[in-house]
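To keep things clear, I will list the structure first and then write my remarks on it.
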Amino acid sequence: MLSPKRVAHRKVQRGRAHGNASRGNHVDFGEIALVALEPVWLQARHIEAARVAINRCINRQGKMWTRVFPDKPVSKKPADTRMGKGKGSPEFWAAVVRPGNVLFEIGGVDLKLAEKAMGLAASKLPIKTKVVFRPTVE
């Protein structure tokens, strides 16, 4: 699964994901993309499950880009633990996703097949998403 090689701080504060994405919200590499419609912390295992679903559907033809990376350590305290005694240990890595963020892109594949692959990937994710196409300049 995806995780950073090294980080500046082992634990980070939660923060707030409010507003829409101002970066990473355009189809830059492929012809078709999967875009988030809700804010979420996307876990590394969600990203991996969607990536595997896309690759199996397109039979590794063309090229796929993953536009999000889980770089936020999310910590949890064990169940049945009293308050206090410090912050819990890091449990998993998450990517902070805002509405409008492009999650995955596919290029070099038949658009019908790519759209089917994006639908399969969307079913693996815990948020509402939509499939968008690169605008054609004529």
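Residue 2 is where the sequence shown starts when you use this note's numbering, and the numbers rise one by one after that. Think of the CB as a built atom: it goes at the ideal place given N, C-alpha and C, for glycine as much as any other residue.
Inset, instruction - Examine the Cβ distances between the region 98-116 and the region 31-50 and report whether three or more of them are shorter than 8 Å. - result: yes
Inset, instruction - Evaluate the contact criterion for the region 86-95 versus the region 108-127: three or more CB pairs, one atom per stretch, below 8 Å. - result: no
Inset, instruction - Look up valine 97 in the DSSP assignment and give the residues it is bridged to. - result: Trp42
Inset, instruction - Using the Cα positions of lysine 117 and arginine 68, report the straight-line distance between them to the nearest angstrom. - result: 19 Å
Legend entry - Residue of Lys131, Ser76, Cys58, Asn102 minimising C-alpha distance to arginine 11: Ser76
Inset, instruction - For histidine 19, count neighbouring C-beta atoms within 10 Å of its own C-beta (all shown protein chains included) and say buried if the count is 16 or more, exposed if not. - result: exposed
Inset, instruction - Excluding the 5 residues preceding and the 5 following serine 4 in the sequence, name in chain order all residues of the same chain whose CB lies nearer than 7 Å to its CB. - result: Ala45, Pro71, Trp94
Inset, instruction - Please say whether isoleucine 33 and methionine 119 have beta carbons closer to each other than 9 Å? - result: yes
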